[in-house]
Amino acid sequence: FAVEQQATNTVIFSSSTPLKEERIKKGILIPFLKELFPTKQKVNAIYDSVRKSRLLNFWDLFITVSMGWFLVPVVNFIVFTILQREKKESDGGGGGGMFSIHGSGGGHPVVETISNYFKIDAYVYLAHSVVVMSSAWGFDLLKQIQFAQIVSKVGRTLWAMTILKHIKQSCIKAVCKDTPTEQERITLYDRLSNILLYFITAALLVDILSVNVGIAISSVLSLGGLSTIILSLASKSIAEQLVSGIGLSTYRRFAEGDEILLGDGTNGIVRKMSLTHTEIRLPDETIVCIPNSQVFQQRVMNLSKVQRSQVKQILCFKYDDIDKMSMVTEEIKAEIRASCPKLIKANRPFRVHWRDISRDHLEVVVDCRFNIPSATAAYWDNRQEVLEAISRAVKRCGLEFARPSYSVESNCKVGEEFVPGK
Numbered sequence: 196f197a198v199e200q201q202a203t204n205t206v207i208f209s210s211s212t213p214l215k216e217e218r219i220k221k222g223i224l225i226p227f228l229k230e231l232f233p234t235k236q237k238v239n240a241i242y243d244s245v246r247k248s249r250l251l252n253f254w255d256l257f258i259t260v261s262m263g264w265f266l267v268p269v270v271n272f273i274v275f276t277i278l279q280r281e282k283k284e285s286d287g288g289g290g291g292g293m294f295s296i297h298g299s300g301g302g303h304p305v306v307e308t309i310s311n312y313f314k315i316d317a318y319v320y321l322a323h324s325v326v327v328m329s330s331a332w333g334f335d336l337l338k339q340i341q342f343a344q345i346v347s348k349v350g351r352t353l354w355a356m357t358i359l360k361h362i363k364q365s366c367i368k369a370v371c372k373d374t375p376t377e378q379e380r381i382t383l384y385d386r387l388s389n390i391l392l393y394f395i396t397a398a399l400l401v402d403i404l405s406v407n408v409g410i411a412i413s414s415v416l417s418l419g420g421l422s423t424i425i426l427s428l429a430s431k432s433i434a435e436q437l438v439s440g441i442g443l444s445t446y447r448r449f450a451e452g453d454e455i456l457l458g459d460g461t462n463g464i465v466r467k468m469s470l471t472h473t474e475i476r477l478p479d480e481t482i483v484c485i486p487n488s489q490v491f492q493q494r495v496m497n498l499s500k501v502q503r504s505q506v507k508q509i510l511c512f513k514y515d516d517i518d519k520m521s522m523v524t525e526e527i528k529a530e531i532r533a534s535c536p537k538l539i540k541a542n543r544p545f546r547v548h549w550r551d552i553s554r555d556h557l558e559v560v561v562d563c564r565f566n567i568p569s570a571t572a573a574y575w576d577n578r579q580e581v582l583e584a585i586s587r588a589v590k591r592c593g594l595e596f597a598r599p600s601y602s603v604e605s606n607c608k609v610g611e612e613f614v615p616g617k
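Numbering (our numbering), first residue to last: 196 to 617.
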């Protein structure tokens, strides 16, 4: 009997659950769907609201749409027609007109700015229409949050930000000269001003949207310990990269396209510089990305800014030619002077000296400087010319270079035959 009673209760419970769900659906979902269902009364109410609304005017909307989407094509057509006419006159012998200096592919910033302003007005009209229709439909949420005013303020704020960005770029280019050396400063000032402009725009948008830190976000941040530490470390790393990038751009230790040598031995051409990292193309054509904080803390040698170079070579001669050392050193000097016109003869050392008597050879050091940038094709050609001049001078003196000697140690005893590898 107990088993039958339990089974009966189970059946009753399982059958009552769908009934509750069905009642919930009928009590909440169905009335909501009825509100969304379009009826003749709602359509008439929407029509009357749009017709009686003082904020919506047909001629205002027509002018706004025309200026927003047809102003730029009309101006481009007029300018193109004038350019074609002036081109025909210039081909016939006449001089160029006032539009000829701009070319046919130039833009019209003022016209585009006006067009964008009217486009924003059109979007505001659309937002007002949505608010009016939703209120007539029975939904007052958009009217309560002032949706149309929000669209208007956000759109005009972004429009003003775009204008200030163009004005800022024009001012930076007017102040800084358009030369390769000034391009780095232009890029730096442009990036810093963009960051400031974006920050101000974001602050204005937050104020417009009335975004406040609510209870949920406050409770998440109040968990504090771990999240605060992670956020602090992340912001510290980002700030360190940004400060290092600004320092590299300000001090102008190198620029894009320069060949540099870092203190850790990294040698290559700077491919790209940003506020957080620097890309360097190595001699094997691989690209390495180095954080600016690491580059900023290292010793950097800019090989592209070096206008002079050094060629240093150690020569080894036989002991049999010890009496000819003075002659061969003077001959090498004379041959290098005659063969290398870029040789620096004053204010820089030019030495060809007998430096050492080693165990198996006599050592002569050739050390000279040239007005040729290092790490360039001209440098390597000049180095080859120096080596050829040394070779000619040595041959004229009748000397030969000493061959390097190697000592071989053996563990074999006296009287035993030496076997390689034993």
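Yeah, the Cβ is synthetic: ideal placement off N, Cα and C, and Gly gets one too.
{"Query": "Touch check for the stretch 339–352 and the stretch 317–326: three-plus C-beta pairs under 8 Å?", "Result": "yes"}
{"Query": "Where does ASP626 fall in DSSP's three states?", "Result": "Only positions 196 to 617 of the chain appear in this structure, which leaves residue 626 out of reach."}
{"Query": "Taking all protein chains shown into account, decide if CYS563 is buried (16 or more other Cβ within 10 angstroms of its Cβ) or exposed.", "Result": "buried"}
{"Query": "Per DSSP, HIS556 is paired with what?", "Result": "Bridge partners of HIS556: none, in fact."}
{"Query": "Suppose you measure from the CA of GLN633 to the CA of ASN462; what does that come to, to the nearest Å?", "Result": "A query on residue 633 cannot be resolved here, the shown segment of the chain reaching from 196 to 617 and no further."}
{"Query": "Among the residues of its own chain, which have a CB less than 8 Å from the CB of ASN271, if the five just before and after it don't count?", "Result": "HIS303"}
{"Query": "Can you give me the Cβ contacts of VAL408 inside the same chain, cut-off strictly under 6 Å, excluding the 5 residues immediately before and after it?", "Result": "Any answer about VAL408 is weak, because its pLDDT of 39 lies below 50 and its placement is not dependable; what the coordinates show is given next. Closer than 6 Å at the Cβ level, and outside the excluded window around VAL408, lies no residue."}
{"Query": "Only counting the same chain, and skipping five residues up and downstream in sequence, which positions put a Cβ closer than 6 Å to that of VAL326?", "Result": "LEU337, LYS338, PHE342 and ALA343"}
{"Query": "Quick check: what's the CA-CA separation for ASP157 versus GLN502?", "Result": "Here the chain covers residues 196 to 617 and nothing more, so residue 157 does not appear."}
{"Query": "For SER499 versus GLU454, is the C-beta spacing smaller than 8 Å?", "Result": "yes"}
{"Query": "Using three-state DSSP, classify PHE565 as helix, strand or coil.", "Result": "strand"}
{"Query": "Run the CB neighbour count on ARG598, radius 10 Å, all protein chains shown included, and call it buried at 16 or more, exposed below.", "Result": "exposed"}
{"Query": "Buried or exposed: which applies to ALA588, given that a residue is buried once 16 or more other Cβ atoms fall within 10 Å of its Cβ?", "Result": "buried"}
{"Query": "Mapping DSSP to helix, strand and coil, what is PRO268?", "Result": "helix"}
{"Query": "For THR259, which residues of its own chain have a beta-carbon under 6 Å away from its beta-carbon, when the five flanking residues on both sides are left out?", "Result": "PHE313, ASP316 and ALA317"}
{"Query": "With DSSP collapsed to three states, give me the class of SER248.", "Result": "coil"}
{"Query": "Could you tell me which residues DSSP pairs with SER504 in its beta bridges?", "Result": "PHE565"}
{"Query": "Per DSSP, which one or two residues make a beta bridge with THR473?", "Result": "MET468 and ILE485"}
{"Query": "Measuring alpha carbon to alpha carbon, tell me which residue in PRO486, VAL581 and HIS556 is nearest SER141.", "Result": "The shown model of the chain, from 196 to 617, leaves out residue 141, and the question about it has no answer."}
{"Query": "Using a 10 Å radius around the Cβ and a threshold of 16 neighbouring Cβ atoms, would you call GLU583 buried or exposed?", "Result": "exposed"}
{"Query": "To the nearest angstrom, how far is the alpha carbon of TYR393 from that of ILE403?", "Result": "15 Å"}
{"Query": "Can you give the Cα-Cα distance for CYS592 and VAL495, rounded to whole angstroms?", "Result": "44 Å"}
{"Query": "Going by DSSP in three states, PRO551 sits in which element: helix, strand or coil?", "Result": "According to the sequence displayed, residue 551 carries Asp and not Pro. Note: ASP551 maps to strand in three-state DSSP."}
{"Query": "Is it the case that the Cβ atoms of ILE464 and ARG476 are separated by a distance below 8 Å?", "Result": "yes"}
{"Query": "Threshold first: 4 residues or longer. Then list the alpha helix (DSSP H) segments lying entirely within the stretch 315–363, N to C.", "Result": "336–339"}
{"Query": "Can you check DSSP and say which residues form a bridge with CYS511?", "Result": "GLU558"}
{"Query": "Hey, quick one: how far does the alpha helix (DSSP H) through ASN577 stretch, first residue to last?", "Result": "572–591"}
{"Query": "Report buried or exposed for SER586, applying the criterion of at least 16 other Cβ atoms within 10 angstroms of its Cβ.", "Result": "exposed"}
{"Query": "Write down the C-beta distance between SER504 and TYR574 rounded to the nearest angstrom, noting that I regard them as a contact closer than 8 Å.", "Result": "5 Å"}
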